[in-house]
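The block underneath contains the structure these notes are about, expressed in structure tokens.
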Amino acid sequence: MASKPKPAMTVRDVAAYLNVDDKTIYRLAQRGELPGFKVAGAWRFQVVDLECWIGKRKQLSAEVPSRGTRRQR
Numbered sequence: 843m844a845s846k847p848k849p850a851m852t853v854r855d856v857a858a859y860l861n862v863d864d865k866t867i868y869r870l871a872q873r874g875e876l877p878g879f880k881v882a883g884a885w886r887f888q889v890v891d892l893e894c895w896i897g898k899r900k901q902l903s904a905e906v907p908s909r910g911t912r913r914q915r
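Counted from 1, the sequence shown has number 871 at position 29 by this note's numbering; the numbering is strictly sequential.
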């Protein structure tokens, strides 16, 4: 039996999930930096896409040394 697809999240849902302001979600989505799609002019997001995006962001941040860290010579 096929599982039911999870409902799409709204901008407000994603903002709460990521603990950021709604405007941040709109900005990231409009720039194409956050995976989403529009339905009747309103942004919607799939949880699986957000989890993948978060995983990629974690990987990228782990590869870049933080500002206070000195590089070895």
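For every residue, glycine included, the Cβ atom is placed at its ideal position computed from N, Cα and C.
Anyone know if the C-beta pair for P803 and D864 falls short of 7 Å? Since the first residue of the chain shown is 843 and the last is 915, residue 803 is not available in this structure.
Decide if A871 is buried, meaning its Cβ has at least 16 other Cβ atoms within 10 Å, or exposed. For the purposes of this step, residue 871 is taken as the residue at position 29 of the sequence shown. Classification for A871: buried.
Tell me whether V890 sits in a helix, a strand or coil according to DSSP, three-state version. To locate residue 890, count along the sequence shown from 1; it is residue 48. Of the three classes helix, strand and coil, the one that applies to V890 here is helix, per DSSP.
Could you have a look at K865 and say whether DSSP puts it in helix, strand or coil? Your numbering for residue 865 matches position 23 in the sequence shown. K865 falls in the helix class under three-state DSSP.
Provide the residue span of the beta strand (DSSP E) that contains K848, from first to last. Counted from its first residue, the sequence shown places residue 848 at position 6. No beta strand (DSSP E) holds K848; DSSP gives it neither H nor E.
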